[in-house]
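Position 196 of the sequence shown, counted from 1, bears residue number 196 in UniProt numbering, the numbering being contiguous throughout.
We put the CB at the ideal spot given by N, CA and C, even for glycine.
Quick notes on the structure that follows.
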Amino acid sequence: DQSFETLKSEAAKIGYPIMIKAGMRIAMTEEEFETQLNSAKTEAMKSFGDEVMLLEKYVQNPRHVEVQVFGDMHGNYVYLFERDCSVQRRHQKIIEEAPGPFISWEVRRKLGEAAVRAAQAVKYVGAGTVEFIMDKDFNFYFMEMNTRLQVEHPVSEMITGTDLQEDIKLNGWSFEARIYAEDPDQDFMPGAGPLHHVSYPQADESVRIETGIRQGDEVSVHYDPMIAKLVVWGPDRDSALRKLRSCLSEYNIQGLTTNINFLMNLSSHPQFMAGEVDTDFISRHYSELFPKVTIRDEHVCEAVTALILSESSSSTGGDPFSIEMGSRLNYELLKTYEFKVNESPVKASVIFKGNDKFDISVNGGPSHSVSSQDSSPPRAQYIRDCCNVDGAISRQRFTLSDEEVVLFTRGVGKFISTQMGGGSGAAGDALAPMPGVIEKVLVKEGDCVNVGDKLVVMIAMKMEYVIKANKAGVIQKVLHAQGDFVNKNSLLVQFQEETES
């Protein structure tokens with residue numbers, strides 16, 4: 001029955017605000033219902049030739065809450081409490097916790113019983129997950145049931161101590177953070193490439209790491225970019241959250257970009273710490289979750305120290321400046337290191353003072369007094385360094401390779417390249433942002449393009465990426481065709497060089 005009276009009556013039963021489909025019209029009050037219904041019908045007829053309407057509850061700033069259930073062939077059903085999976089990017093979960101913050105035992109019981117009724121209604125057997133949307137007043141609405149254990153089931157295990165038992169008791173609090181090979185600063189674009197270094201937090205009864213990758217492995221473009229799950233438990237939410245941040249700070253990965261920095265920012269955000277989360281959390285707090293990264297002088301000093309320590313254990317015989325030990329006594333030794341930090345050039349001038357002491361000036365600025373003591377094995381690529389910069393002592397961790405120094409601060413790699421050059425193309429040339437397959441080439445040699453024009457479409461990690469022109473100009477050369485596989489930073493489209501008129 002699609003009569004106006006029936007639809008209005010059903011809307012009143014559901015409760016406002018109401019979502020009217022197709023057309024995705026929202027009626028906030030009963031007074032708006034007729035106007036929005038007519039608009040939705042008009043849009044539906046134009047788009048689909050069908051004005052049949054669907055009504056559902058519209059939940060503002062919703063939370064995504066799900067319940068783990070088990071059923072057997074004898075009609076026995078149990079629930080293992082709820083998980084809050086509200087914080088998401090690209091409509092995919094990024095961090096989960098159990099139990100849900102601020103959910104009372106009465107609401108928790110109603111959630112569990114509703115999930116069990118859903119499983120009983122279809123005589124479900126096995127492990128399943130019943131998902132709900134929850135509003136700010138803790139009213140909840142059935143969304144779907146996933147007929148399997150899900151990625152986030154470890155947080156339920158952490159707070160119950162078991163997969164299934166006769167008398168299930170909730171114990172403490174648990175968080176699960178998903179570690180992705182992706183670049184949060186580039187709209188969470190998935191990445192791929194070699195894992196030059198991986199070091200994990202120490203696992204124990206309250207820290208669980210689930211991963212299928214090891215140092216030296218290659219993350220492929222053909223699979224989901226999730227490379228690990230970090231699951232922690234604490235007796236209460238605050239202690240579990242502190243443990244999560246501590247473990248993230250010890251999770252060091254070099255070789256490709258990960259979301260560890262973003263997870264640190266997320267888990268340190270005041271509203272997240274207070275449990276005030278919903279599915280719009282990331283977009284609403286974007287500026288705080290993506291702060292501008294600032295590399296301070298002390299970070300550069302620490303990175304320079306890491307290079308010096310590496311050089312001192314190399315074939316130069318223990319002297320970072322490759323000069324005989326005896327010649328240091330009567331004059332100071334000077335060396336300059338050049339970096340590229342977040343795409344900006346940095347120059348550090350180092351005066352060696354002896355006994356692992358240095359004066360370091362960054363970009364011609366004031367001199368910093370630096371001393372360091374390396375606690376790592378000789379020739380190590382992963383350096384643990386106690387560094388003193390102007391009297392402030394810090395314990396840092398670095399990884400070194402032929403091309404870069406990665407400084408881990410709060411568990412976050414700050415990329416510092418010793419190569420002053422850019423990528424493999426000139427300024428403005430289109431490079432592949434990740435390994436993938438060329439789906440379409442939209443330009444040809446001689447074409448004139450403007451800023452923002454589409455050049456190439458790539459497929460990577462099962463997603464489509466459009467490479468656009470970042471400058472106006474004339475296409476000189478298209479280097480790849482449809483179906484070609486390309487690596488990260490491969491030159492795709494070359495522009496003609498600009499000439500002075």
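query	result
For Arg148, count neighbouring C-beta atoms within 10 Å of its own C-beta (all shown protein chains included) and say buried if the count is 16 or more, exposed if not.	exposed
Quick check on Ser315: buried or exposed, where buried means 16 or more other Cβ atoms within 10 Å of its Cβ?	In this prediction, Ser315 has a pLDDT of 48, which is less than 50 and means its spatial position is unreliable; nothing more can be read from the coordinates.
Could one say the Cβ of Asn450 lies closer than 8 Å to chain D's Cβ atoms, at least one of them?	The structure shown contains no chain D; it holds only a single protein chain.
What three-state label does DSSP hand Asn450 in the structure shown?	coil
Residues in the same chain with beta-carbon distance under 8 Å from Met19, minus the five sequence neighbours each way, listed in chain order, please.	Arg25, Ile26, Leu55, Glu56, Lys57 and Tyr58
Do you know offhand how far Asp224's Cα is from Ile295's?	31 Å
Excluding the 5 residues preceding and the 5 following Ile429 in the sequence, name in chain order all residues of the same chain whose CB lies nearer than 7 Å to its CB.	For the sequence presented, residue 429 should be read as Asp rather than Ile. Cβ within range, chain order: Leu491, Val493, Gln494 and Phe495.
Across which residues does DSSP place Tyr141 in a beta bridge pair?	Ile133
CA-CA distance, Met53 and Gly100?	34 Å
Under the rule that 16 or more other beta-carbon atoms within 10 Å means buried, what is Asn286, buried or exposed?	Looking at the sequence shown, residue 286 is not Asn but Tyr. Classification of Tyr286: exposed, given that the 10 Å Cβ count is below 16.
Is Ile168 near the ligand FMN, in the sense that its beta carbon is under 7 Å from a heavy atom of that ligand?	Looking for the ligand FMN in the displayed structure turns up nothing, as the structure carries no ligands at all.
Where do the ends of the beta strand (DSSP E) carrying residue 578 lie?	In this structure the chain extends from 1 to 501, so residue 578 is not present and cannot be described.
Since Gly483 contacts Ile459 with CB under 8 Å, what's their CB separation in whole angstroms?	With 8 Å as the limit, Gly483 and Ile459 do not qualify as a contact, their Cβ atoms being about 10 Å apart.
Looking only at its chain, what residues have a beta carbon closer than 6 Å to the beta carbon of Val362, apart from the 5 residues adjacent to it on each side?	Asp297, Val300 and Ala348
Using CA atoms only, rank isn't needed, just tell me which of Asp217, Gly364, Lys229 and Met189 is closest to His153.	Lys229
On the criterion of 16 or more Cβ atoms from any shown chain inside 10 Å, does Val466 qualify as buried, or is it exposed?	exposed
Put Cys247 into one of helix, strand or coil per three-state DSSP.	helix
Exposed or buried, what is Glu96 when buried is set at 16 or more other beta-carbons lying within 10 Å of its beta-carbon?	buried
Would you please state the rounded distance, in angstroms, between the beta carbons of Pro190 and Glu182? I believe it to be under 8 Å.	5 Å
Taking all protein chains shown into account, do 16 or more other C-beta atoms lie within 10 angstroms of the C-beta of Leu244, making it buried, or fewer, making it exposed?	buried
Might you give, ordered along the chain, the residues of its own chain that have their beta carbon closer than 8 Å to the beta carbon of Glu119, omitting 5 neighbours on each side?	The question names Glu, but residue 119 is Ala in the sequence shown. Only Val69, Gly71, Tyr77, Gly128, Val130 and Met145 meet the Cβ criterion.
Spatial neighbours of Val107 within its chain, please: CB distance less than 7 Å, with the 5 preceding and 5 following residues excluded, ordered by chain position.	Phe138
Taking Arg89 as the reference, give the member of Leu266, His480 and His222 with the closest Cα.	Leu266
Whole-angstrom Cβ separation of Leu256 and Val219, contact assumed at under 8 Å?	6 Å
Sort His91, Glu66 and Ile94 by Cα distance to residue 560 and report the nearest one.	Examination of residue 560 is not possible in this model, given that the chain is present from 1 through 501 alone.
Which residue or residues does DSSP assign as beta-bridge partners of Lys169?	Paired residue(s): none; Lys169 is not in a bridge.
Is the CB-CB distance between Ser268 and Gly234 below 8 Å?	no
So, at 6 Å on beta carbons, what are the nonlocal neighbours of Met434 in its own chain, with the 5 sequence-adjacent residues on each side left out?	Gly191, Ala192, Ala460 and Lys488
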